[in-house]
Structure formats: structure tokens, C-alpha cells
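In short: position in the sequence shown from 1, add 70, done, that's this note's numbering.
Cβ atoms here follow ideal geometry from the backbone N, Cα and C, with glycine treated the same way.
Small disclaimer: the values here were computed from a predicted structure and weren't measured.
Data first, discussion second: the structure below is written as C-alpha cells.
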Amino acid sequence: MTSPTPPETIAEARTRILSEIGESVTLVAASKRQPEARIEEALAARQRVFGENRVQEAQARWSERKEQVEGLELRLIGPLQTNKAEEAVALFDVIETLDREKLLKALVKAVEKTGAAPPDLFIQVNTGNEPQKGGVSVEDLPDLSREAREQWPGAVRGLMCIPPAEEPAGPHFALLKKLADRHGLSQVSMGMSGDYALAARLGATHVRVGTALFGAREA
Numbered sequence: 071m072t073s074p075t076p077p078e079t080i081a082e083a084r085t086r087i088l089s090e091i092g093e094s095v096t097l098v099a100a101s102k103r104q105p106e107a108r109i110e111e112a113l114a115a116r117q118r119v120f121g122e123n124r125v126q127e128a129q130a131r132w133s134e135r136k137e138q139v140e141g142l143e144l145r146l147i148g149p150l151q152t153n154k155a156e157e158a159v160a161l162f163d164v165i166e167t168l169d170r171e172k173l174l175k176a177l178v179k180a181v182e183k184t185g186a187a188p189p190d191l192f193i194q195v196n197t198g199n200e201p202q203k204g205g206v207s208v209e210d211l212p213d214l215s216r217e218a219r220e221q222w223p224g225a226v227r228g229l230m231c232i233p234p235a236e237e238p239a240g241p242h243f244a245l246l247k248k249l250a251d252r253h254g255l256s257q258v259s260m261g262m263s264g265d266y267a268l269a270a271r272l273g274a275t276h277v278r279v280g281t282a283l284f285g286a287r288e289a
């Protein structure tokens, strides 16, 4: 009888994912609700770019580590309320979920008030026009992009999307890359555990991977 295959370690998963996406694509470890042991294992495997969905959870996990871990980059990949803007700019290097002018103004004000280093911004685009999901519509993207350039020149570096779960992701990835090119933005955050390789082939510069890197979340 053959022995069961041992589960893949985070280091092994990371190596595999990096080989699939190529050197030009950044692996963002989506660490929402992951236990501390897995975070430490990822850090030990030299993973340095992490994405978090909630400001409060990220503060508890990363505030001390940010001072201790060299090269650490934190990205907010979940929705942001305007009343959390000050906390967000103090912690995150990149905020990927800018989707409305009110939030843009709150972030500008937060940087001015706190003196924090301005984070890079990605505009989240709701490519599937899903009412329950964050993101600016494709039609309203030009207006928000223009407002961002006027109020915070140079801050917006790219676009981000989360395709509808029930639709093929490819057309949404292709659309986001086309929109980024149209707006002169070189960075594109798209693709998660089930489709990161496809996203990389279609022009992603960043993929946000949770389960495929860390394994299934504990109940």
C-alpha cells in the first residue's frame, strides 16, 4: 500500500504558484482569517506581499510585524469605509479598492491629517455590474480616474476587479487590462486561487491568492 501524499507546505505552494505566474507577476498572499501559524510559515517562506480584507484585522496582525519584517508590503483588498480612512493610510502601502469619489476625498484628507506616507491606489472596477459588490462601473471609471488625477496626482497606479463567480473570468480579465491600457495604468490586480494562472496570461501584474497558497481556511 502506498503512503498518502503529505499535504503541500506553504513554501511548496508558493514555489509552484510563482512558477505558474512568471517572474513579472507579484503574488499577493490573501491572508484573511488565516491563523498566525500559517502567517509565520508564509513569512518563513519569504512571502512579503500580503493582502487583507479588513482594516481592524490587519491592524491586529501586522502593526508590530510591519516594524520587524524587512520588505513587508501590505495591500488592502477588501472594501473600505470612509471612517476607516485614517487607519488605512497609516497601515497599508497600497489600497486596491478605491471605488467612489467620497472615499477618494476621505483618503486625501486622512493623509493630510496624519502625515502618513501616501499609499498607492488601485481603482476597483465592477466589471460584472453586480449591485452587491464594490467597484466603480465601467461607465463611471473615466470620471473617477479624472477626479483622482486632479485631487491626488500620481496616486492611482492600477485597476482591480473581482469577476462574477458564475461567469467565466477570462472576459473580465481582458476587459480590465484593456481599461488599464486605455487609462495609461501599468498595473492590474486580478485573479484569485481558482484563476490566477489565467489572469497572469491575460496581463495581471498582481494576483491575490489565498486558499491555493495557505490551504483551506480553518472553520
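- Check the Cα spacing between residue 161 and each of 153, 167, 143 and 115: the tightest is with 143.
- At least 7 Å separates the beta-carbon of residue 260 from that of residue 267.
- Counting along the chain, the unbroken alpha helix (DSSP H) around residue 126 starts and ends at 125-138.
- Residue 253 sits in coil when the DSSP states are folded into three classes, being neither helix nor strand.
- A straight-line Cα-Cα distance of about 14 Å links residue 214 and residue 166.
- For residue 78, there is no enclosing beta strand (DSSP E), since its DSSP letter is neither H nor E.
- Beta bridge pairing from DSSP links residue 190 with 164.
- A straight line joining the alpha-carbon of residue 283 with that of residue 263 spans about 8 Å.
- If the five residues before and after residue 189 are omitted, its C-beta is found closer than 7 Å to the C-beta atoms of 159, 162, 163, 164 and 165, all from its own chain and listed in chain order.
- Relative to the Cα of residue 226, the nearest Cα in the group 245, 153 and 170 belongs to 170.
- According to DSSP, residue 120 shares a beta bridge with 99 and 144.
- Under the three-state reduction of DSSP, residue 259 is assigned to strand.
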